[in-house]
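Colleague: Residue numbers for the sequence shown follow my numbering, beginning at 19 and rising by one.
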Amino acid sequence: MAGHGAPAVNVPDAAGLTLGIVATDWNTEIVGQLLKRALEAAADAKVADVKVLHVAGAVELPIAAQALARKYDAVVALGTVIRGGTAHFDYVCKSVTEGLTRVALDESTPVAHGVLTVDNQEQALARAGYPDSTEDKGYEAVVAALGAALAIRSLD
Numbered sequence: 019m020a021g022h023g024a025p026a027v028n029v030p031d032a033a034g035l036t037l038g039i040v041a042t043d044w045n046t047e048i049v050g051q052l053l054k055r056a057l058e059a060a061a062d063a064k065v066a067d068v069k070v071l072h073v074a075g076a077v078e079l080p081i082a083a084q085a086l087a088r089k090y091d092a093v094v095a096l097g098t099v100i101r102g103g104t105a106h107f108d109y110v111c112k113s114v115t116e117g118l119t120r121v122a123l124d125e126s127t128p129v130a131h132g133v134l135t136v137d138n139q140e141q142a143l144a145r146a147g148y149p150d151s152t153e154d155k156g157y158e159a160v161v162a163a164l165g166a167a168l169a170i171r172s173l174d
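1. Would the stretch 102-113 and the stretch 56-67 be scored as touching if the rule is three or more Cβ pairs under 8 Å?
2. Within its chain, find whatever has a CB closer than 8 Å to the CB of residue 43; leave out the 5 residues flanking it on each side and keep chain order.
3. Using only the alpha-carbon positions, how far apart do residue 102 and residue 137 sit?
4. Please identify the residue among 119, 51, 105, 121 whose C-alpha is closest to the C-alpha of residue 219.
5. Taking C-beta to C-beta, are residue 160 and residue 94 nearer than 8 Å?
6. Could you check if residue 45 is buried or exposed, using at least 16 other CB atoms within 10 Å of its CB as the buried criterion?
7. Between the Cα of residue 107 and those of 88, 153, 154, 134, spot the shortest distance and give me the residue it belongs to.
8. Going by CA-CA distance only, name the one from 156, 85, 168 that's closest to residue 58.
9. Under the rule that 16 or more other beta-carbon atoms within 10 Å means buried, what is residue 171, buried or exposed?
10. Quick one, which of 84, 125, 79 has its alpha-carbon nearest residue 99's?
11. Going by alpha carbons, who is nearest to residue 77 out of 169, 87, 96?
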């Protein structure tokens, strides 16, 4: 069951932090909703400095996330990859996940993975943060990235 065991979403006060968001141009309806909810989460967390970049597809997310991670306190990558009839889905999902993880580690900047990897459109809609969705991954990704940035900052 998707979302089972997920922690409560507690929006941090992240005033003073900066946030970079990179979103794909594929699946514009769903990614647009993810981005809308991500921006609402940033506003709820009192983040005033938000930069949004758009890239063609999911494979381009890591390089754009890396550029953002060099300038912003936290980064969120948004996209939707829907399974097709070939192994392309597996290659894309693996490379994006590994790329985003590498960026976070190489740049010492939280990079939240807000890329939906789903079997069909219905699963994507259920996770995109619409009023009737069961999950809100764009919002949750921002909260996770900002929370991690604040936790790391507390070490100073």
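Note that the Cβ used here is the ideal one computed from N, Cα and C, for glycine as well.
Modeller: Inspection of the coordinates gives the following:
1. no
2. 49, 72, 73, 74, 75
3. 8 Å
4. For the chain, the structure presents residues 19 to 174; residue 219 sits outside this window and is missing.
5. yes
6. buried
7. 134
8. 156
9. exposed
10. 79
11. 96
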